[in-house]
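Undergrad: One structure, pasted below without further comment.
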Amino acid sequence: MKLKAVCIALLGLLVFTQCKKKKEENADFDKGPIMVNMADNYIIPGYADLKSKITVLETAWNDFLADKTQAKLDLSKQAWIDANISFQHVKAFDFGPAMSANLVFSFGTFPCDTTQINGNIQTGGYDLNTNNLDASGFDALDYLFYRTGSLTSFQNSASTCIYVSDIISKMKTEIASVVSGWSSYRATFVNGTGNESTSPFALLVNNFCKDFELCKTTKLGFPIGNHTLGIQQPNYLEARRSGLGKTLLVENIRGSRAIFYGLSLSGSNGQGFDDYLDALEDKASLSSTIATRFDYMLSTPQTWSGTLENLMTSSPATLENFYDYQQGSVINMKTDMASAFGVLITYQDTDGD
Amino acid sequence: MEIRKRWPDFLFREVSITPLIAFRIVIGCLFLFSTVRFISNGWVKQLYIDPPFHFTYLGFDWVRPLPDNWIFLPFIALIIASLGIILGAFYRFSTVLFFLAFTYVELLDKSYYLNHYYFVSIIAFLLIWLPAHAQFSIDAKRTPSIQRTTIPQWPIFILRFQLGIVYCYAGIAKLNSDWLLEAQPLRMWLQAFRDLPLVGNLLATSWVAFVFSWFSCFYDLTIPFFLSKARTRNSAYIFVVVFHILTWLLFPIGVFPWVMIFSTLIFFPASFHSKWLNPLQRWFRWKSDPTELKSTRPKYLIACLSVFIGIQLLVPFRYLLYPDNLFWHEEGFRFSWRVMLMEKKGYATFYVEDRTTRKSIEITNSDYLSPQQIDQMSRQPDMILQFAHFLGEKYADTTLHFGSKTVHLSRPRVSADVYVTLNGRPNQQFVSRETDLMQEEYNLKHRKWILPLEK
């Protein structure tokens, strides 16, 4: 009897609290379409785009080898720029096939080690697949294509030319394996909407945050001296010789934004994190906060003149402020958003009853 | 006057030993299973060998991991000790070994703290003093004189009491406005299950979160009493099984549900346990040959039990000694059966500063910490301070070379910029860079440098 009374009292209280905060109940929302949209409209086309741009780079480079002129070298450089930008859009997906191929580190490690590169070229007998992350990838090509006297050194040194060919062919093999890997991984990915730390959805969320944070730290934080007592480290700049670093920073952010909105590679909007946040209780304002931040981060660099290295001398405060703004955005992603999505960062048991 | 007689009478009433024997075997199997699971998940390496830094407990800084693969030694000891407990072989040695090895591992790093690990440590400690090997054990076979069919009831009582503590305090901890009035954090967590076919949308609705919250609070507060009464025991146990399996399905909480499902069997009487123990004993051709012992009522035992019970009752309330929000400051939070109460995530950036120029080095946390250490540290004040002190000592009196420039740091300032979100609130600043963490002592005093929770 007593028990019944207690239950009724509790139920009454429950109804009371419910009436007090009556609001619209959640509409249907399914994470599946986010995954399908990401895979079919962004990730898979993104990798295909990168693959074709690496092929264009290879062709341009072979044309140059047949006819070593400045004009042909410029075409190779342009192909390198296009491929590098394409890479920025897919570098966040460091899981599944990309992780197996170590694509992100292999393509994107910087700054390159010029001593190691020159040593490799001189002595030959190198294996780019072992201990050569610092001597291959986009940043190594930045050095070889854009250093002073690059044309002359290509004209005079066959081993330098071979080294570039080797880097490109390694990249070609790796992106090919990622592209083919996704044809089977797609099924795992689109069905992986669980919240355990190893589920593809959690991997997507965690890698999205991680990549954005890395973009901030490596592309900007290290060079501007945030990790070195304010002493600038221009040698840490990405693509320092071409001065492409600013573009790569922006394109990396554009890639993050595309994931957040669920954009297709061509930019049309589909199901993404923003839609998920909008569907969750009380999270629409978080969604618009992050969206506003992305807008700012894409528009602001357009007002910068010169390369990042120029800005480091002409207007270091501009870069420091931008860095702080990026940092603030990481907070939104790694605390509020990750919390709202309920994805786990770790694989370990948590406390429960 | 009354209690001085009634209390010993209660503790020393003779009862059947069977539930205790059953408990020994069941809990031993769980100990063995969870140790094997821990090792086979590769956690020994990931949690204890890989990270260069560990968050020690206050006063236990001397507890350090054994070097390299030697850290496997306590885990091997745990396997051997669990087997000893199951079989009742070298029982005193096995229980002491289990307690020491388990507690040693738990003390290594508080970022891995779980209430159920604390529970296991306590149970292992209690087992040392209980005559759980006095029947159907290798020890009792070798030394028949230790055999008993009845025992004073305190060993069984103390185990039931401990389980009661876990549930009741977990229930008391739920009596807060986030849990009862906002249904948080369950409301957030359940929304993540929207995709599930059929039940998905149901789970995501807020009234379901309210029902879950209120029911689990009621469940925690009352289940030990329903389990204690013969009339309600069977149906209460069905609730135990359903409840814990549900939490096991919904949340990544490892072996904890199974620990609770199996240890609550201690509430069942001898007649229940005989049903499965008797066939097992026949299978092993176990012959009981008890010598009837007259139990004594040692005063020291009554005192020890009373002290133990007192400690268990008081420790979870130590948070009352601190001002401000418990969930935000986490002062007096651990060792209090506060389970699944918070969805708290933080982002912490540390800066090692040159005191003269006020220029700083921003720290990459992952250089020193594993992802789960970062996850825990970023929202727990004591760990934030420990990590800051670690950095301060690491950079103290060092000469750094940045390109052509050289800087000497003698006694750097260490600060942190930390933001935390709690139970769905928008993130708020938790620690500001204005605090020199090197000036803050690591102790049990209230930490004033944590910025207050706004609402």
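Residue numbers (this note's numbering), protein chains in the order written: chain A, 306 to 658; chain B, 28 to 482. Don't be surprised by glycine CBs; every beta carbon is placed ideally from N, CA and C.
In whole angstroms, give me the CA-to-CA distance for Glu-330/A and Phe-414/B.
TA: Residue placement at Glu-330/A is poorly supported in this model, since its pLDDT is 48, which falls under 50; the coordinates are not used for a value here.
Undergrad: Would you please verify whether the beta carbon of Val-447/B is less than 9 Å from any beta carbon of chain C?
TA: Of the protein chains in this structure, namely A and B, none is chain C.
Undergrad: Give me, in chain order, the residues of the same chain whose beta-carbon lies closer than 6 Å to that of Phe-239/B; leave out the 5 immediate sequence neighbours on both sides.
TA: The answer, listed in chain order, is Leu-213.
Undergrad: In angstroms with no decimal places, state the Cα-to-Cα distance between Ser-109/B and Gly-359/B.
TA: So the alpha carbons of these two residues sit roughly 31 Å apart.
Undergrad: On the CB-based measure, 16 or more other CB atoms within 10 Å of its CB, does Tyr-378/B come out buried or exposed?
TA: Buried.
Undergrad: Please give the ranges of any alpha helix (DSSP H) in the region 427 to 468 of chain A, keeping only runs that are unbroken, at least 4 residues long and fully inside the region.
TA: If we require 4 residues or more, the alpha helix (DSSP H) runs fully inside the region 427 to 468 of chain A come out as 442 to 451, 455 to 461.
Undergrad: Closer than 9 Å, CB to CB, is Ile-388/B near chain A or not?
TA: Closer than 9 Å to some Cβ of chain A, the Cβ of Ile-388/B qualifies, so yes.
Undergrad: Please compile the residues from chain A whose C-beta is within a distance smaller than 7 Å of the C-beta of Ile-96/B.
TA: Sequence check: residue 96/B is Asn here, not Ile. Chain A residues near Asn-96/B: none, gap ~21 Å exceeds 7 Å.
Undergrad: Label Leu-347/B either buried or exposed according to how many other C-beta atoms from any shown protein chain fall within 10 Å of its C-beta, with 16 as the threshold for buried.
TA: Looking at its Cβ environment, which holds fewer than 16 other Cβ atoms inside 10 Å, Leu-347/B is exposed.
Undergrad: Taking the beta carbon of Asn-389/A as the centre, do at least 16 other beta carbons fall within 10 Å, making it buried, or is it exposed?
TA: The residue is buried, with at least 16 neighbouring Cβ atoms inside 10 Å.
Undergrad: For a quick check, are the C-beta atoms of Ile-473/A and Ile-339/A less than 9 Å apart?
TA: Contact flag unset, no.
Undergrad: First and last residue of the alpha helix (DSSP H) that includes Ile-388/B?
TA: Ile-388/B -> not in any alpha helix (DSSP H); beta strand (DSSP E) instead, spanning 387 to 389.
Undergrad: When the cut-off is 9 Å and only beta carbons count, does Asp-641/A lie next to chain B?
TA: It does: the Cβ of Asp-641/A has a partner Cβ on chain B nearer than 9 Å.
Undergrad: Excluding the 5 residues preceding and the 5 following Ile-411/B in the sequence, name in chain order all residues of the same chain whose CB lies nearer than 7 Å to its CB.
TA: Taken in chain order, the residues that qualify are Ala-375, Met-404, Ala-443, Val-445, Val-458.
Undergrad: Could you tell me the distance, in whole angstroms, from the CA atom of Arg-365/B to the CA atom of Leu-353/B?
TA: One C-alpha to the other measures close to 11 Å.
Undergrad: Answer yes or no: does any C-beta atom of chain A fall closer than 9 Å to that of Asp-381/B?
TA: Yes, contact with chain A.
Undergrad: Can Met-343/A and Ile-536/A be called in contact, C-beta distance under 9 Å?
TA: For Met-343/A and Ile-536/A, no; Cβs fall outside 9 Å.
Undergrad: Counting only beta-carbon separations shorter than 9 Å, does Thr-425/B have a partner in chain A?
TA: No, Thr-425/B lies away from the interface with chain A (no Cβ there is under 9 Å from its Cβ).
Undergrad: Taking the DSSP output, what are the residues bridged to Gln-456/B?
TA: Note: Gln-456/B sits in a beta bridge opposite Tyr-446/B.
Undergrad: Kindly indicate which three-state DSSP category Lys-371/B falls into: helix, strand or coil?
TA: Lys-371/B falls in the strand class under three-state DSSP.
Undergrad: Whole angstroms is fine: what's the gap from Glu-41/B's alpha carbon to Ile-178/B's?
TA: Going by the C-alpha atoms only, they are around 5 Å apart.
Undergrad: Which residue from Gln-421/A, Thr-428/A, Ser-489/A, Asn-436/A puts its Cα closest to that of Ala-463/A?
TA: The shortest Cα separation from Ala-463/A among Gln-421/A, Thr-428/A, Ser-489/A, Asn-436/A belongs to Thr-428/A.
Undergrad: Bridge partners of Ser-43/B, per DSSP?
TA: Bridge partners of Ser-43/B: Thr-177/B.
Undergrad: Helix, strand or coil for Val-441/B? Go by DSSP, reduced to three states.
TA: Residue state, collapsed to three classes: strand.
Undergrad: Please state whether the Cβ-Cβ distance between Phe-117/B and Trp-313/B is less than 9 Å.
TA: The answer is no: Cβ separation not under 9 Å.
Undergrad: Give a yes or no on whether the minimum CB-CB distance between Thr-391/B and chain A is below 9 Å.
TA: Yes, Thr-391/B counts as interfacial toward chain A.
Undergrad: For Trp-310/B, is the classification buried or exposed, using 16 other Cβ atoms within 10 angstroms of its Cβ as the cut-off for buried?
TA: Per the 10 Å Cβ criterion, exposed.
Undergrad: Using the beta-carbon count (16 or more within 10 Å), is Val-510/A buried or exposed?
TA: Classification for Val-510/A: buried.
Undergrad: Under 9 Å between C-beta atoms, does Thr-291/B make it to chain A?
TA: Judged by the 9 Å Cβ criterion, Thr-291/B is not in contact with chain A.
Undergrad: Go through its chain and collect everything with a Cβ distance to Val-648/A's Cβ below 6 Å, but skip five positions before and after it.
TA: Excluding sequence neighbours, Val-648/A sits near Asn-500, Ala-507, Val-510.
Undergrad: Would you list, in sequence order, the uninterrupted alpha helix (DSSP H) runs of no fewer than 4 residues that lie entirely inside the region 286 to 336 of chain B?
TA: Entirely contained in the region 286 to 336 of chain B, the alpha helix (DSSP H) runs reaching 4 residues are, in chain order, 297 to 310.
Undergrad: Rounded to the nearest angstrom, what separates Lys-482/B and Ser-363/B at their Cα positions?
TA: Those two C-alpha atoms are separated by around 24 Å.
Undergrad: So, for Pro-621/A: in the same chain, excluding its five sequence neighbours on each side, which residues have a beta-carbon less than 8 Å away from its beta-carbon?
TA: Closer than 8 Å at the Cβ level, and outside the excluded window around Pro-621/A, lie Ile-529, Gln-537.
Undergrad: Taking only heavy atoms of the ligand MG into account, decide whether any of them is closer than 8 Å to the Cβ of Thr-605/A.
TA: Of ligands this structure carries none, so the ligand MG is not represented either.
Undergrad: Does Thr-498/A pass the burial test, meaning 16 or more other C-beta atoms within 10 Å, or should it be called exposed?
TA: It counts as buried.
Undergrad: Within the continuous beta strand (DSSP E) that includes Lys-432/B, where are the two ends?
TA: 432 to 436 is the extent of the beta strand (DSSP E) around Lys-432/B.
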